[in-house]
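Trainee: Got a structure here, written out as structure tokens. Questions coming.
Chains as they are written, first to last, in this note's numbering: chain A, 1 to 277; chain B, 1 to 277.
Next up, the structure:
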């Protein structure tokens with residue numbers, strides 16, 4: 001199921017310009033959202049973030065067009081017969097251009113969206129993290145947008161799985177904690193909840209923002225603050241957030257184990273509630 | 001003119017799987033080569049490097065298939081009526097896969113190549129460099145392959161042009177000179193020719209290797225050695241190399257001017273000679 005060029009098509013193949021800069025240069029951005037029974041969770045935030053990314057990169061796409069594509073595939077996702085959960089991926093590229101790096105003066109962005117069944121066991125499942133030696137490049141604006149250049153995350157995930165872990169943990173060029181390969185990271189110290197600020201080379205995660213918003217009502221103080229790796233390893237609990245996993249408790253970071261923590265369970269329950277209509 | 005899936009087609013549009021990981025994750029590599037009157041310059045080196053990149057990333061494509069694609073579009077490039085020079089771009093992706101980062105167990109790589117006319121004034125023309133604050137991520141294996149993730153280079157090139165320069169200069173996470181947005185960099189100190197080693201986050205440029213090979217016969221000692229930025233700015237001359245520009249003398253790096261230098265001209269002449277059949 002694919003929304004491409006303004007219409008639903010069977011997919012996955014479509015007539016595509018092989019000079020599209022998303023394909024030739026990674027010159028594009030995307031969004032991954034969760035759909036439950038055809039309804040997009042945190043839809044407004046997903047649409048706003050992707051639209052903001054296209055504006056920041058100079059090939060603005062109207063939020064309405066993005067929302068239309070997301071909703072079309074989310075609404076159709078019930079029809080793919082996969083149960084309640086679907087992953088909705090929406091991609092926007094700068095469109096095609098002449099050879100070379102210089103963007104076309106008048107970009108004609110290309111937008112499409114697709115839905116994929118999500119294993120019901122994935123959301124909120126705990127996981128383990130492998131610290132990779134590949135650094136998250138916090139000096140690049142691209143580190144703060146969900147751009148098409150995910151090869152570092154692919155390589156680190158492969159390395160993590162080979163070492164017996166579920167996911168990679170990235171430090172940034174300063175050696176401080178940045179994020180996981182596919183999610184934001186939080187550390188809990190007593191009732192203090194800390195996550196690295198965006199300037200550390202971090203995507204403005206939708207669930208990350210939701211947790212920062214929810215935390216005070218559950219008795220936590222929430223702060224965006226740089227986290228040294230040793231400090232992170234010394235936390236009472238750590239967890240990962242992203243739009244498909246929701247809140248995933250971390251059982252281990254490398255050789256450092258973390259026990260299940262009631263505060264993390266409480267935050268998870270609050271998030272589950274916020275995800276309901 | 002496009003070689004896609006084993007045949008020449010008019011292009012630029014082809015039926016393409018939008019779940020191709022090259023498009024969704026930047027999970028692919030490419031090569032840019034110069035063709036003169038339909039003949040690929042340094043063909044063997046280009047084919048070998050691209051094949052090596054696919055092996056390193058775990059989706060090996062046979063050198064013969066790569067050479068066939070390159071030659072098909074290079075040979076046809078005369079027909080596009082653009083004069084002597086053409087840029088031949090050859091792209092290989094890991095092919096399509098299920099949602100998520102994990103590569104498919106048995107990748108089915110996708111290969112295509114295209115030709116574009118090259119302005120005759122481009123090769124060997126001098127240029128100016130703007131030092132960007134985006135760092136080249138030398139901690140990533142991707143920094144040493146020509147991967148699809150070029151957004152940092154796109155952003156830095158845009159910034160460079162806005163500041164009145166031709167190209168961006170990247171330092172790495174240590175602050176040392178890495179490369180330009182689209183080429184390797186050399187500095188000349190007396191008769192010593194220095195370029196950063198690959199471990200600095202540098203692509204193994206084909207012309208870079210050719211110059212390291214040619215230099216001794218012209219009375220230079222050639223070394224791969226880390227270069228502090230201030231050291232680079234203090235060189236007698238600096239130049240850029242890539243497969244389309246050949247050797248491009250650098251007239252300025254930010255506010256630091258460089259005069260034309262006879263040694264750079266001599267190296268350029270030697271390279272021109274090596275590019276002839």
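No residue lacks a Cβ here, since even glycine has one placed at the ideal position from N, Cα and C.
Please read all numbers here as calculations on a predicted model, not as lab measurements.
What residue range is occupied by the uninterrupted beta strand (DSSP E) comprising residue 89(B)?
Mentor: Where residue 89(B) is concerned, the enclosing beta strand (DSSP E) stretches over 85 to 93.
Trainee: In chain order, what residues of the region 93 to 118 of chain A put their CB closer than 9 Å to some CB of chain B?
Mentor: Going along the region 93 to 118 of chain A in chain order, one finds 93, 94, 96, 98, 99, 100, 101, 102, 103, 112, 114, 116, 117, 118 with a Cβ nearer than 9 Å to chain B.
Trainee: Spell out whether any CB of chain B is found under 8 Å from the CB atom of residue 69(A).
Mentor: No, residue 69(A) lies away from the interface with chain B (no Cβ there is under 8 Å from its Cβ).
Trainee: Who are the neighbours of residue 182(A) on chain B, taking C-beta pairs under 9 Å?
Mentor: Under the 9 Å cutoff, chain B gives 100, 101.
Trainee: Leaving out five residues before and five after residue 261(B) in sequence, what residues of the same chain have Cβ atoms less than 8 Å from its Cβ?
Mentor: Excluding sequence neighbours, residue 261(B) sits near 188, 236, 237, 249.
Trainee: Any beta-carbon of chain A closer than 8 Å to the one on residue 15(B)?
Mentor: Cβ-Cβ to chain A under 8 Å: yes for residue 15(B).
Trainee: Taking DSSP as the reference, what is the three-state secondary structure of residue 66(A)?
Mentor: Residue 66(A) falls in the helix class under three-state DSSP.
Trainee: Taking the beta strand (DSSP E) that residue 130(B) belongs to, which residues open and close that run?
Mentor: Its beta strand (DSSP E) spans residues 127 to 131.
Trainee: Do the CB positions of residue 168(A) and residue 181(A) come within less than 8 Å of each other?
Mentor: For residue 168(A) and residue 181(A), yes; Cβs fall inside 8 Å.
Trainee: Here's the rule: buried if 16 or more other CB atoms are within 10 angstroms of the residue's CB, otherwise exposed. What is residue 140(B)?
Mentor: Buried, because 16 or more other Cβ atoms sit within 10 Å of the Cβ of residue 140(B).
Trainee: In chain B, which residues lie less than 7 Å from residue 135(A) when you measure between Cβ atoms?
Mentor: Residues of chain B passing the Cβ test: 137, 139, 173.
Trainee: Between the Cα of residue 190(A) and the Cα atoms of 201(A), 170(A), 219(A), which residue gives the shortest distance?
Mentor: Looking at the Cα atoms, 219(A) is the closest of the given residues.
Trainee: Along the region 204 to 216 of chain A, where does the CB come closer than 8 Å to a CB of chain B? Name the residues.
Mentor: Cβ contacts with chain B: none found.
Trainee: Can you tell which of 161(B), 162(B), 137(B) has its C-alpha closest to the C-alpha of residue 150(B)?
Mentor: Nearest of 161(B), 162(B), 137(B) to residue 150(B), Cα basis: 137(B).
Trainee: Between residue 154(A) and chain B, is the shortest Cβ-Cβ distance under 8 Å, so that the two count as touching?
Mentor: Cβ-Cβ to chain B under 8 Å: yes for residue 154(A).
Trainee: Between the C-alpha atoms of residue 221(B) and residue 192(B), what's the straight-line distance to the nearest angstrom?
Mentor: In a straight line, the C-alpha of residue 221(B) is about 5 Å away from that of residue 192(B).
Trainee: In chain A, which residues lie with their C-beta within 8 Å of the C-beta of residue 12(B)?
Mentor: Result: 17, 18, 19, 96.
Trainee: Residue 189(A) bridges to which residues according to DSSP?
Mentor: Residue 189(A) is bridged to 192(A).
Trainee: Residues of chain B with a CB under 8 Å from the CB of residue 142(A): which are they?
Mentor: Going along chain B in sequence order, the residues near residue 142(A) (Cβ under 8 Å) are 151, 152, 155.
Trainee: Could you give the uninterrupted runs of the beta strand (DSSP E) lying entirely in the region 245 to 269 of chain A, keeping only those of 3 residues or more?
Mentor: Segments of the beta strand (DSSP E) lying fully in the region 245 to 269 of chain A: 246 to 253.
Trainee: Give the DSSP-derived three-state secondary structure of residue 9(A) in the structure shown.
Mentor: Three-state DSSP puts residue 9(A) in a strand.
Trainee: Nearest chain B C-beta to residue 4(A) closer than 8 Å, yes or no?
Mentor: Output row for residue 4(A): interface = yes.
Trainee: Quick check: is the beta carbon of residue 27(A) nearer than 8 Å to any beta carbon in chain B?
Mentor: At least one chain B Cβ lies under 8 Å of residue 27(A).
Trainee: In whole angstroms, give me the CA-to-CA distance for residue 87(A) and residue 123(A).
Mentor: Answer to the nearest angstrom: the Cα atoms are 11 Å apart.
Trainee: How many angstroms separate the CA atom of residue 35(B) from the CA atom of residue 225(A)?
Mentor: If you take the alpha carbons of residue 35(B) and residue 225(A), they lie about 52 Å apart.
Trainee: So with CB distances below 7 Å, who are the chain B contacts of residue 60(A)?
Mentor: Result: empty, since nearest Cβ-Cβ is about 15 Å, beyond 7 Å.
Trainee: Which chain B residues are close to residue 158(A), counting only those with a beta carbon under 9 Å from its beta carbon?
Mentor: The contacting residues are 58, 101, 102, 103.
Trainee: Are any of the Cβ atoms in chain A nearer than 8 Å to that of residue 87(B)?
Mentor: Chain A, which has a Cβ nearer than 8 Å to the Cβ of residue 87(B), makes this yes.
Trainee: Out of 110(B), 215(B), 105(B), which one is the CA nearest neighbour of residue 95(B)?
Mentor: With distances taken between Cα atoms, residue 95(B) lies closest to 110(B).
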